[in-house]
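These protein sequences, in sequence, are chains S and H. If you're matching positions, the first sequence starts at 322 in the numbering used here and goes up one per residue. If you're matching positions, the second sequence starts at 322 in the numbering used here and goes up one per residue. We put the beta carbon where it would ideally sit given N, CA and C, even for glycine. Treat the numbers as computed from the prediction; the structure is a model and nothing was measured.
2 protein chains.
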Amino acid sequence: MKKKITLKQIAKELDVSISTVSKSLRNSTEISEDTREKVQAFAKLYNFKPNNIALSLKNRKTKTIAVIIPEIVHHFFATVISGIESVANENGYNVIVCLSDESFDKEVINMEMLAGGSIDGFIMSLSKGTQSKGDFHHIQEVINQGMPVVMFDRITNDIFCDKVIIDDKTAAQDAVNYLIFKGEKKIGLITTVDYVSVGKYRTDGYMQALRQNNLIVKDELILKIEDIDNCAIEIEKYIKENDIDGIFAVNELFAVTAIKAARKLGKRVPEDLSVIGFTDGIISNYSTPSITTVSQDGVIMGQKAAKLLIDRLENDEEDEFYTTEIVDTHLVERESTK
Amino acid sequence: MKKKITLKQIAKELDVSISTVSKSLRNSTEISEDTREKVQAFAKLYNFKPNNIALSLKNRKTKTIAVIIPEIVHHFFATVISGIESVANENGYNVIVCLSDESFDKEVINMEMLAGGSIDGFIMSLSKGTQSKGDFHHIQEVINQGMPVVMFDRITNDIFCDKVIIDDKTAAQDAVNYLIFKGEKKIGLITTVDYVSVGKYRTDGYMQALRQNNLIVKDELILKIEDIDNCAIEIEKYIKENDIDGIFAVNELFAVTAIKAARKLGKRVPEDLSVIGFTDGIISNYSTPSITTVSQDGVIMGQKAAKLLIDRLENDEEDEFYTTEIVDTHLVERESTK
DNA sequence: TTGTGCACCGAAAACGTTTTCGTGTTAAAA
DNA sequence: TTTTAACACGAAAACGTTTTCGGTGCACAA
Numbered sequence: 322m323k324k325k326i327t328l329k330q331i332a333k334e335l336d337v338s339i340s341t342v343s344k345s346l347r348n349s350t351e352i353s354e355d356t357r358e359k360v361q362a363f364a365k366l367y368n369f370k371p372n373n374i375a376l377s378l379k380n381r382k383t384k385t386i387a388v389i390i391p392e393i394v395h396h397f398f399a400t401v402i403s404g405i406e407s408v409a410n411e412n413g414y415n416v417i418v419c420l421s422d423e424s425f426d427k428e429v430i431n432m433e434m435l436a437g438g439s440i441d442g443f444i445m446s447l448s449k450g451t452q453s454k455g456d457f458h459h460i461q462e463v464i465n466q467g468m469p470v471v472m473f474d475r476i477t478n479d480i481f482c483d484k485v486i487i488d489d490k491t492a493a494q495d496a497v498n499y500l501i502f503k504g505e506k507k508i509g510l511i512t513t514v515d516y517v518s519v520g521k522y523r524t525d526g527y528m529q530a531l532r533q534n535n536l537i538v539k540d541e542l543i544l545k546i547e548d549i550d551n552c553a554i555e556i557e558k559y560i561k562e563n564d565i566d567g568i569f570a571v572n573e574l575f576a577v578t579a580i581k582a583a584r585k586l587g588k589r590v591p592e593d594l595s596v597i598g599f600t601d602g603i604i605s606n607y608s609t610p611s612i613t614t615v616s617q618d619g620v621i622m623g624q625k626a627a628k629l630l631i632d633r634l635e636n637d638e639e640d641e642f643y644t645t646e647i648v649d650t651h652l653v654e655r656e657s658t659k
Numbered sequence: 322m323k324k325k326i327t328l329k330q331i332a333k334e335l336d337v338s339i340s341t342v343s344k345s346l347r348n349s350t351e352i353s354e355d356t357r358e359k360v361q362a363f364a365k366l367y368n369f370k371p372n373n374i375a376l377s378l379k380n381r382k383t384k385t386i387a388v389i390i391p392e393i394v395h396h397f398f399a400t401v402i403s404g405i406e407s408v409a410n411e412n413g414y415n416v417i418v419c420l421s422d423e424s425f426d427k428e429v430i431n432m433e434m435l436a437g438g439s440i441d442g443f444i445m446s447l448s449k450g451t452q453s454k455g456d457f458h459h460i461q462e463v464i465n466q467g468m469p470v471v472m473f474d475r476i477t478n479d480i481f482c483d484k485v486i487i488d489d490k491t492a493a494q495d496a497v498n499y500l501i502f503k504g505e506k507k508i509g510l511i512t513t514v515d516y517v518s519v520g521k522y523r524t525d526g527y528m529q530a531l532r533q534n535n536l537i538v539k540d541e542l543i544l545k546i547e548d549i550d551n552c553a554i555e556i557e558k559y560i561k562e563n564d565i566d567g568i569f570a571v572n573e574l575f576a577v578t579a580i581k582a583a584r585k586l587g588k589r590v591p592e593d594l595s596v597i598g599f600t601d602g603i604i605s606n607y608s609t610p611s612i613t614t615v616s617q618d619g620v621i622m623g624q625k626a627a628k629l630l631i632d633r634l635e636n637d638e639e640d641e642f643y644t645t646e647i648v649d650t651h652l653v654e655r656e657s658t659k
């Protein structure tokens, strides 16, 4: 099992200098055609590939970008990665993925680990832990060291950097308006706790839509789920106690769970109860009935984030103007609404 | 925006040598406590972090492993990554993710890109393109260069390396036996084309189960899907034309599509038709009715693969014995079977 | 013969570390 | 006083590249 061959070894073998080998391989006219061919043939024979690490050290860039997300077993984040990966590869970048598992500590550790020169820049979505803690010093730190950061979806206004988001509030508003338009009167909301930024914005949108239509916002119609693993019982209880005819859920899981609970309680969807979810994932498409959702295109978000980051990496003149891109959402009408 | 600080700069600033700085930071007793403290304080102040790239170059190892999978927007692969990531991080390794998009060419390009010293080893699942082409020279090449490779799920016997798989044939056999045990007589199979190794093994299992129970294998009951995007029409046609009472589908998507088609045709699941899927993902759990599946634990597969790889990386004595681990599957009984 | 230019090649620095080995200083031992 | 040993530190090599800057040697013109 022969190890990787280096310039030095080729040079020795062919009895020329390292520089000559290097130049020959890059086809420099400085070297005679004879020598060039000889070197190239030898290099090919031994399957020479320049050592990326040495190149990274020399060029002071690694051509790899890190993505930090709360979890990967989640359709939305998986699509975002897919988007990032596609434009990254097109531009000769590698993608390194780290999971924060929704934990502040793991997010910090990961970032510090990577910030030590392994990568050129970050693309990230905040963990719940970080959002609830409100501590972003680790992010500010890498930015201060001159490493660009792009945030997407779960962001914070406390950090100045490029961002890619959807207009959560407006999207939620549209969804609720749609329910109202379809004739639903008593519309409930199933959401997350407030520190998850997107949950908060979507809740705001829900309330605004109601007010605009002169409906009163009743606290008992707003269900805030803390423990996602046991949401089923909570949601069932909520539906049983409130005689609602429309539900806006801030994610797929809540939506499908609500539908299951409703059917268990003898309600028909959408005849007795309309449901709209958020994030157009696998569940919405394949559940029965399929679920009307606010579609949030992760691939596009990922692509935009990667473009922003790579642009910043390739233009060394440091631009102090940060842009936040808002990607469109749209309602995908399916069977869970009238 | 101050750039990253280096040993050299610290040395200059403090008017000592680079070696002294390095040793101080590693707390070498070779350096007086005075100097050590001075250096450490300064380093902390300027937030010094050793440059990973330089370390990688010096140590000839990068502490990062690459995962190459066909696609990430797929629950099974996402879980595998999650498993890999967890044990990798525990051992101080980073994970780089590359998608082959089921294409042979992209798989080759990715591997060549990474093989240039960026990583210490590979964990991979073959793309359909590679499996249909049967060309594995790119994999053999990195192995020859002394870089360990672990394959999982979609593997080939043409390459000698560590592997993590499930016993697809037995698992399929068990599933079909379960259908037979539940009283189904005419059992169909929805599978992929043969070059996908797992598809082939599962098909073998299906046939063996039938034979063992003295049922005849009828070709018209075996539906091989080529184009996954249009499977819905094919499956509907298949169900309409064959009066079957049990279906074994080699993945979730085929299973849920079959259920939808059956209901469309007025068949009740599971009363008129029982369905078993493969790979316990989101769909199986949340569809209505929820789907009985062969559960294939991606997290465990990922963990085992990562362990195998890291073990090999840390033990330099090259062991020519490769192991292939078989992880257990089990049937998760849900609503789509009697 | 001497200068000029060109074609070809090598030495060495640089990227940022770690580590081995050497060296100067000082205090203790002879 | 001289030798020894401990102590504190620095020089330099090494990891594998790329690139700049200087050489050679040679043909050709002056």
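The residue among H/618, H/431, H/567 and H/328 with its C-alpha nearest the C-alpha of residue 657 of chain H is H/567. Residues of the region 458-492 of chain H with a C-beta less than 9 Å from any C-beta of chain S: 462, 464, 465, 466, 467 and 468, listed in chain order. The three-state reading of DSSP puts residue 658 of chain S in coil, since its state is none of H, G, I, E or B.
Contacts with chain H at 8 Å (Cβ-Cβ) do not include residue 423 of chain S. Using a 10 angstroms sphere on the CB of residue 396 of chain H, the tally of other CB atoms reaches 16 or more, which defines it as buried. Non-local C-beta neighbours of residue 377 of chain S in its own chain, meaning closer than 6 Å and more than five positions away in sequence, comprise 383, ordered along the chain.
Listed in chain order, the positions of the region 565-579 of chain S with a beta carbon within less than 7 Å of a beta carbon of chain H are 577. Judged by DSSP secondary structure, residue 483 of chain H falls outside any alpha helix (DSSP H) and instead within the beta strand (DSSP E) spanning 483-487. The straight-line gap separating the alpha-carbon atoms of residue 596 of chain S and residue 655 of chain H is approximately 24 Å.
For residue 415 of chain S, the enclosing beta strand (DSSP E) has its first and last residue at 415-420. Assignment of residue 466 of chain H by DSSP, reduced to helix, strand and coil, places it in the coil class.
Annotation for residue 393 of chain H: 399, 402, 418 and 420 place their beta carbon closer than 8 Å to its own, counting only its chain and skipping 5 residues before and after. Taking C-beta separations shorter than 6 Å and ignoring five residues to either side along the sequence, the partners of residue 543 of chain S in its chain run 510, following chain order.
Residue 578 of chain H is positioned such that its CB atom lies no closer than 8 Å to that of residue 545 of chain H. The three-state secondary structure of residue 450 of chain H, taken from DSSP, is helix. Not a single CB atom of chain H sits nearer than 8 Å to the CB of residue 391 of chain S. Residue nearest to residue 618 of chain S within the set S/632, S/569 and S/487 is S/487 (criterion: CA-CA distance). As computed with DSSP, residue 424 of chain S is found in no beta bridge at all. Rounded to the nearest whole angstrom, the CA to CA distance from residue 369 of chain S to residue 423 of chain S is 42 Å. Taking a Cβ-Cβ threshold of 9 Å, the residues of chain H close to residue 434 of chain S are 373, 410, 413 and 415, in chain order. Of the residues S/625, S/650, S/659 and S/651, the one whose Cα lies closest to the Cα of residue 445 of chain S is S/625. Ranked by how close their Cα comes to the Cα of residue 457 of chain S, the residues S/439, S/432, S/438 and S/467 have S/432 in first place.
Under the DSSP assignment, residue 369 of chain S falls outside any beta strand (DSSP E); it carries neither an H nor an E label. Only residues of its own chain outside the window of five on either side were considered, and among them 531 have a CB closer than 8 Å to the CB of residue 537 of chain S, listed in chain order. By the neighbour-count criterion, in which 16 or more other beta carbons inside 10 Å mark a residue as buried, residue 526 of chain S falls on the buried side. Within the DSSP bridge table, the entry for residue 570 of chain S names S/511 as partners. Residue 395 of chain S sits in coil when the DSSP states are folded into three classes, being neither helix nor strand. Inclusion of residue 416 of chain S and residue 406 of chain S in the CB contact set at 8 Å is warranted, their separation being smaller than that value.
Taking 8 Å as the CB threshold, residue 429 of chain S stays off the interface with chain H. Per DSSP, residue 545 of chain H is one residue of the beta strand (DSSP E) stretching across 543-546. Between residue 333 of chain H and residue 340 of chain H, the alpha-carbon positions lie close to 12 Å from each other. Of the candidates S/499, S/473, S/472 and S/616, the residue whose Cα lies closest to the Cα of residue 659 of chain S is S/499. Counting only residues of its own chain and dropping the five nearest sequence neighbours on each side, residue 461 of chain H has a CB closer than 7 Å to the CB of 480. Annotation: residue 654 of chain H has no Cβ neighbours in chain S at a cutoff of 9 Å; minimum Cβ distance is about 18 Å. Listed along the chain, the chain S residues whose CB falls inside 7 Å of the CB of residue 607 of chain H are 577, 604 and 608.
Judged by beta-carbon spacing, residue 571 of chain H lies beyond the 8 Å limit of residue 614 of chain H, meaning their Cβ atoms are not closer than that value.
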